[in-house]
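First to last, the sequence lines map onto chains A, B, C and D.
Each residue of the first sequence is one higher than the last, beginning at 18 in the working numbering.
Each residue of the second sequence is one higher than the last, beginning at 18 in the working numbering.
Each residue of the third sequence is one higher than the last, beginning at 18 in the working numbering.
Each residue of the fourth sequence is one higher than the last, beginning at 18 in the working numbering.
First comes the structure, then the notes that go with it.
Protein chains: 4
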Amino acid sequence: MSEPAAGPLPSGPLPSGALPSGAVEEALAEARRKYRNWGRWGAADALGTLNYIDDGKRAAAARLARSGRTFSLAVELNSGGPRGGPSHGNPVHTMLDSGLDAAAGTQGFPHGFGDADDVVFMPLRSGTHWDGLGHVYDNKRAWNGRHCADVTTGAGDQVTGAERQAAAFVSRGVLLDVGRALGAGELGAGELPGGFAITEDQLRAVIAAQGPSARVGRGDIVLIRTGQLSFCRRLGDWERYAAGPAPGLSFGALSWLHGTEIAAVATDTFAVEVRPPEFDPPCHLPLHQIAIPNIGLFLGEMFELDALAADCAADGRYEFLLVAGGLPVTGGVGAPVNPIAVK
Amino acid sequence: MSEPAAGPLPSGPLPSGALPSGAVEEALAEARRKYRNWGRWGAADALGTLNYIDDGKRAAAARLARSGRTFSLAVELNSGGPRGGPSHGNPVHTMLDSGLDAAAGTQGFPHGFGDADDVVFMPLRSGTHWDGLGHVYDNKRAWNGRHCADVTTGAGDQVTGAERQAAAFVSRGVLLDVGRALGAGELGAGELPGGFAITEDQLRAVIAAQGPSARVGRGDIVLIRTGQLSFCRRLGDWERYAAGPAPGLSFGALSWLHGTEIAAVATDTFAVEVRPPEFDPPCHLPLHQIAIPNIGLFLGEMFELDALAADCAADGRYEFLLVAGGLPVTGGVGAPVNPIAVK
Amino acid sequence: MSEPAAGPLPSGPLPSGALPSGAVEEALAEARRKYRNWGRWGAADALGTLNYIDDGKRAAAARLARSGRTFSLAVELNSGGPRGGPSHGNPVHTMLDSGLDAAAGTQGFPHGFGDADDVVFMPLRSGTHWDGLGHVYDNKRAWNGRHCADVTTGAGDQVTGAERQAAAFVSRGVLLDVGRALGAGELGAGELPGGFAITEDQLRAVIAAQGPSARVGRGDIVLIRTGQLSFCRRLGDWERYAAGPAPGLSFGALSWLHGTEIAAVATDTFAVEVRPPEFDPPCHLPLHQIAIPNIGLFLGEMFELDALAADCAADGRYEFLLVAGGLPVTGGVGAPVNPIAVK
Amino acid sequence: MSEPAAGPLPSGPLPSGALPSGAVEEALAEARRKYRNWGRWGAADALGTLNYIDDGKRAAAARLARSGRTFSLAVELNSGGPRGGPSHGNPVHTMLDSGLDAAAGTQGFPHGFGDADDVVFMPLRSGTHWDGLGHVYDNKRAWNGRHCADVTTGAGDQVTGAERQAAAFVSRGVLLDVGRALGAGELGAGELPGGFAITEDQLRAVIAAQGPSARVGRGDIVLIRTGQLSFCRRLGDWERYAAGPAPGLSFGALSWLHGTEIAAVATDTFAVEVRPPEFDPPCHLPLHQIAIPNIGLFLGEMFELDALAADCAADGRYEFLLVAGGLPVTGGVGAPVNPIAVK
């Protein structure tokens, strides 16, 4: 949990020790037993916890858009910004032709017409995105108990692909600014250090501190700001962002993620959960392993939350309409998204 | 304007002859003189007609979301569906690994963890998208009078790239179901034939027929359904969709696009405007040439409007909250988008 | 076997009727029994019929390069040329920056330095290429009897990927200009019609007609010219090239492909074998199904053979040094290649 | 010129101080005056120094292939290996379907047919490649004095694209193993340290030491081994390879590159020339700036030379047939290549 390149941990809020005791396997087994939602919405379900949102919830969410102030929560997609994951790189955006070609007069259109056109190559997890239900498996089981080989093949997710949730990510959004509440010291105000595990108690404390507009309940989409995106941007260190230690949700927070019946949770980090994992011997994204295939919970990663957070801090209102439907890539196990918050 | 493969034109509504008289050059010159908005929002402007939307407009739009019924207006992105443009193909979605790999036990993660991951290669105009302000030029001038070579280089749009409008596409949406109103005969109810040029008079007639909820005014985002997407889907003929004759706005409708002070207009076709163009000798996308660089108007293409149209026809209400911010590809001259309508 | 768009078949050489009798399954079973080379080069083999080439063969092949006349046998890679396969499109080549950017003075290098850079997205089978041994399976068995799931996973071919044969495609090349020998009539001299199945007898007749330099033996790489690439280029019809009827090897020619102990065979078509297949009920690439996983034979597709063929016709010499190692994409089941013939 | 992470420079061979005196501008101006080949092969030339190779040269080169021992000089293309350039990443190879899909029985082919297919996205300079003549400019002039904007546009190189040299890279190859001759000490035998500038005198000394088979003359393709590729592979440090200090040709070696009338030069490094540059104030790839647009010389980068070098050391013969035509991407300013050496 040390993070040498960023200096010592802040003296104030320490990473919680309230972790599940025992081996990784026991913790995973207990979490499966307690939080598994298989069958809850029928055998054919492709929405998971998005089922918690209904038309009434959406209509109520729209009523939160009072001022019309609007925020895009997406990072820009380019080859020099944050990227998702250690191995497959940034989006690469290239022009098929450009204004320089038009200016050179080589495009061949009549009457003064000119144009520019472009393409992008991108890992679906390389910018702001939702992890799909077909993205992670627990002992070869995908969401709802399906065998992973029956869900996601070389042709993509045949059952729960991104195209199935295209209209579903509309709900009340709630921002929990954990970075602002608990971040302090040498890293910079408002930023949690790498390895900081956010516990259920801390989430409850932040909600209490933020006031009634921050209450969390069924069908909400919860946005958790850790400050890590700003921190890595300030350092210009996207390698750390993609592969280094990161603040994030403790494995123990699964209880809260499950019990609140939220529709989705997103953070400004690459993995939602704390890295490195809290377990010894090492494991790999244990919160993902429970949240996605067992709870059916959508995880949002690389959300750009600073401007929204500043607005919420200014007016004390932490709830808003959130419209965050990702690109419907057929069979996508990730969905790039430009989430829009309207207050 | 003939479309032999689709049979004879319907006997009812004929393509309008009320086109600008004279040569292409004269028509373009007149349109520039009448509709050019350069300087209207300052020299540094990167929003064009999106400036017509303000926070009050957005707040009012949110109040249109009463029932919570939600519609995604995006086509699915895959290699077998509609594509934008004749030459550069469909999105190609491939898996880096899949549930089959997880099932085979070759991924190397401990404790039963498994995952799937994916990438996409796509022209930014290959699915539902907004044309950016840097996409089309008129005699080497981009939006606001800038020289095209100063706007879009090999590194993308330096001034009005997609990242600049990421939060701006939130407003009242209005559906004008021209296909349903004027389409008839052999093609199938609700579908206009290729080459059908929608005039200003026809737009006004559709609005009148649809009633008060269909009135159009400043800052609205107007969605025009022609039925062509359904038509080509039924035929399984995406080559026609990308390159054949298409219904769309008449060049003469620029007066209405400009005068109503709408923020954006989108259709279920690939080019918004009628194809082939109404002019002789041939020209290339003349409505684009005026709308984008001169008016500063955002054009949306390949919008999936049938389900929304059915809902509007059912309840007689043609207005809704529209949230349609595209992916913020830095310097993008096109922005893939999953537009969400909430009624 | 009809090809209506190209007019009637030429009256001279007719498609052979000397096909295996009986059902598809019987023909496949017989071919497996007769031609299967599993185990011939050991359990770990990754070279298949390339094992027929040894250093002596290569040294002898080099001695065929007497005049130094050199031919590239690759089609150009671009979005407007021939493409491989019906669904995944052409190579897309885009610039990261160009001479226009350098001319605009926006690149930021000192002392007058400027540059251009580029990327390509391409199906590995979209231009001139070798099909890898992991590309096709026969009843879930890949080359050498391996289970297909043990060979090619989501991470590519783990056993026989393109990187394993990078140095192996050097040998004596022999051109068999079947198009010139048998093509006649309305299509144009030198071009066989779609559906024309080249039999073993016809191959032997062409060899005899071309003379001693066209003899075929162990370790040779045989190039068979049908004329279809020129035909489709003249028509500007690459859809036909990728998906229409095509001349090619008869299923019955497998006997010759196996018995001659050649190292590889390539054609100027997309599929080497005749299309549609000669069998009823329909099957899918039956020659591939025997040649790749059973014989271990490398098939080369989309070879550009016209200039080489003209030279061979002129000097009567049909043999040459062929150097045709594909790009070593790790785990590639296809290998793009620029084959070089030196006479 | 220090390279801290790799330890102190070896005590033996020091980086040469025999650099052009004076400022960068003076050195560039002098080199232009002395080495510029514009017009030498006519106004329409697209081959540059490849013109030094003629059919006689190629035929003589083929006679060097005596034993048939063959070497592929290409690095494997994948997301975990060496990459070209600091910003645009490695090749990304993904499967469209695989043996796992075939094994799962979901592909839908009859009679037991199954297959796998794949795509690649790659910067053209991300593996072993030739820099094209349109890749670098000197004060907005490309090879042969053409204005860079007339050569390489958004549509690629219109004059000297990779498709123009597809058949030209066949000649006598000569390996100069500078790493083996001069590398010593702490880095490991056979490897030159980062920042080591190889001078003309050192090249002559290596040739003399290697003996008559290493003489260099008109039309040869010279391969210079520095050992850096092995060094970075051993360290697992491809970041250093792409962006760190590297051994390479001294700017002063341009005299030799020009005077010997070689057809091309390639190294096992990413940039052929020494990095950082020998000049103060900093400049950018000064040897490229003279070699490509002024001499018309082809530079090959990321060549895999160790196995060939070992063979040459073993038999004392440093010459061979080299066949190294790159993929003919239309308009490519880089050409990925699998160079084949036959001894």
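Positions of the beta carbon are idealized from the N, C-alpha and C atoms, including for glycine.
Notebook entry, point to check: By DSSP, does Gly190 of chain D sit in helix, in strand, or in coil?
Noted result: strand
Check: At a Cβ threshold of 8 Å, is Asp118 of chain C touching chain A?
Finding: yes
Next item on the list: Could you pull out every residue in the same chain whose Cβ sits closer than 8 Å to the Cβ of Asn95 of chain A, ignoring the five residues on either side in sequence?
Entry: Asn107, Pro108 and His110
Check: When the Cα of Thr15 of chain A is compared with those of B:Gly97, B:Ala60 and B:Leu90, which residue comes out closest?
Finding: Beyond the ends of chain A as shown, which are 18 and 360, falls residue 15 of chain A; an answer cannot be given.
Check: Hey, is the region 250-258 of chain B in contact with the region 290-309 of chain B, meaning 3+ C-beta pairs nearer than 8 Å?
Finding: Taking one beta carbon from each stretch, the region 250-258 of chain B and the region 290-309 of chain B have fewer than 3 pairs nearer than 8 Å; the two do not touch.
Margin query: I'd like the span of the beta strand (DSSP E) that includes Leu339 of chain A, first residue to last.
Written below: Glu336 to Val340
Margin query: I believe Thr216 of chain C touches Asp285 of chain C by the beta-carbon criterion, under 8 Å. Please report the beta-carbon distance rounded to the nearest angstrom.
Written below: In fact, because the Cβ distance is near 18 Å, the residues do not count as touching under 8 Å.
Item checked: Interface flag, Gln219 of chain A vs chain B, CB-CB below 8 Å -> no
Notebook entry, point to check: Bridge partners of Glu318 of chain C, per DSSP?
Noted result: C:His146
Check: Is Ala166 of chain B close to chain C, meaning its C-beta is less than 8 Å from at least one C-beta of that chain?
Finding: yes
Checklist line | Whether Gly148 of chain D touches Ile309 of chain D by CB criterion (8 Å) | finding: In the sequence as displayed, the identity of residue 148 of chain D is Asp instead of Gly. The answer is yes: Cβ separation under 8 Å.
Item checked: Neighbourhood of Gly207 of chain B by C-beta distance below 6 Å, restricted to the same chain and skipping five residues each side -> Excluding sequence positions up to five before and after Gly207 of chain B, its CB lies within less than 6 Å of the CB of Gly196, Arg197, Gly200 and Gly244, all in the same chain and listed in chain order.
Next item on the list: Check the Cβ of Ala121 of chain C against every Cβ in chain B and list those closer than 8 Å, keeping chain order.
Entry: Ala166 and Thr170
Next item on the list: Please classify Arg163 of chain D: is it buried, with 16 or more other beta-carbons within 10 angstroms of its beta-carbon, or exposed?
Entry: buried
Item checked: Cβ neighbours of Val223 of chain C in the same chain (closer than 8 Å, five flanking residues each side left out) -> Leu193, Asp194, Val195, Ala198, Leu199 and Ala231
Check: Near Ile312 of chain C, what residues of its chain come up, given a Cβ to Cβ distance below 6 Å and the 5 sequence neighbours on each side ignored?
Finding: Tyr52, Asn54 and His275
Checklist line | Within chain B, the residues that Met112 of chain A reaches when beta carbons sit closer than 7 Å | finding: Per Cβ cutoff of 7 Å: Gly171 and Gly173.
Next item on the list: Using a Cβ cut-off of 9 Å, pull out every chain C residue sitting near Gly106 of chain B, in sequence order please.
Entry: Simply Ser96, His105, Gly106, Asn107 and Val109.
Notebook entry, point to check: Who are the Cβ neighbours of Glu180 of chain A in its own chain at under 6 Å, not counting the five residues just before and after it?
Noted result: Pro345 and Thr347
Next item on the list: Report buried or exposed for Asp237 of chain D, applying the criterion of at least 16 other Cβ atoms within 10 angstroms of its Cβ.
Entry: buried
Check: Is the region 117-135 of chain C in contact with the region 265-281 of chain C, if contact means three or more CB pairs nearer than 8 Å?
Finding: Verdict: no, contact absent.
Checklist line | Phe186 of chain D versus Gly349 of chain C - alpha carbon distance | finding: 25 Å
Margin query: Considering only their Cβ atoms, is the gap separating Ala82 of chain C from Leu338 of chain C smaller than 8 Å?
Written below: Their beta carbons are under 8 Å apart, which means Leu338 of chain C touches Ala82 of chain C by this criterion.
Item checked: Any chain A beta carbon closer than 8 Å to Phe138 of chain D -> yes
Checklist line | Inter-residue Cα distance where the pair is Ser38 of chain B and Thr66 of chain A | finding: The predicted model places Ser38 of chain B with a pLDDT of 46, which falls under 50 and marks its position as unreliable; any figure quoted below should be read in that light. Spanning the two alpha carbons is a distance of roughly 59 Å.
Next item on the list: Taking the CB atoms as reference points, tell me whether Ile357 of chain D and Gly342 of chain C lie closer together than 8 Å.
Entry: yes
Notebook entry, point to check: Shorter than 8 Å from the beta carbon of Gly73 of chain B to some beta carbon of chain A?
Noted result: yes
Notebook entry, point to check: Applying a beta-carbon distance threshold of less than 8 Å, which residues of chain C neighbour Ser115 of chain B?
Noted result: Gly171
Note to self: Below 7 Å on C-beta distance, what does Asn156 of chain B contact in chain A?
What the structure shows: Gly129
Item checked: Collapsed DSSP secondary structure at Gly173 of chain A in the structure displayed -> In the three-state reduction of the DSSP assignment, Gly173 of chain A falls in the strand class, which pools E and B.
Check: Are the CB atoms of Leu271 of chain B and Gly171 of chain A nearer to each other than 8 Å?
Finding: no
Checklist line | Beta-carbon neighbours of Cys300 of chain D, restricted to chain C and to distances below 9 Å | finding: Phe126, Pro127, His128 and Phe130
Next item on the list: Keeping to the same chain, check which residues put their C-beta closer than 6 Å to that of Tyr69 of chain D; ignore five residues upstream and five downstream.
Entry: So the list reads Arg235, Gly236, Glu278 and Ala280, once near-sequence residues are dropped.
Note to self: Along the chain, where does the alpha helix (DSSP H) containing Tyr69 of chain A start, and where does it finish?
What the structure shows: No alpha helix (DSSP H) holds Tyr69 of chain A; DSSP gives it neither H nor E.
Item checked: Cα-Cα separation between Val289 of chain D and Val291 of chain C, rounded to whole angstroms -> 47 Å
Check: Along the chain, where does the beta strand (DSSP E) that runs through Gly351 of chain C open and close?
Finding: Gly351 to Pro353
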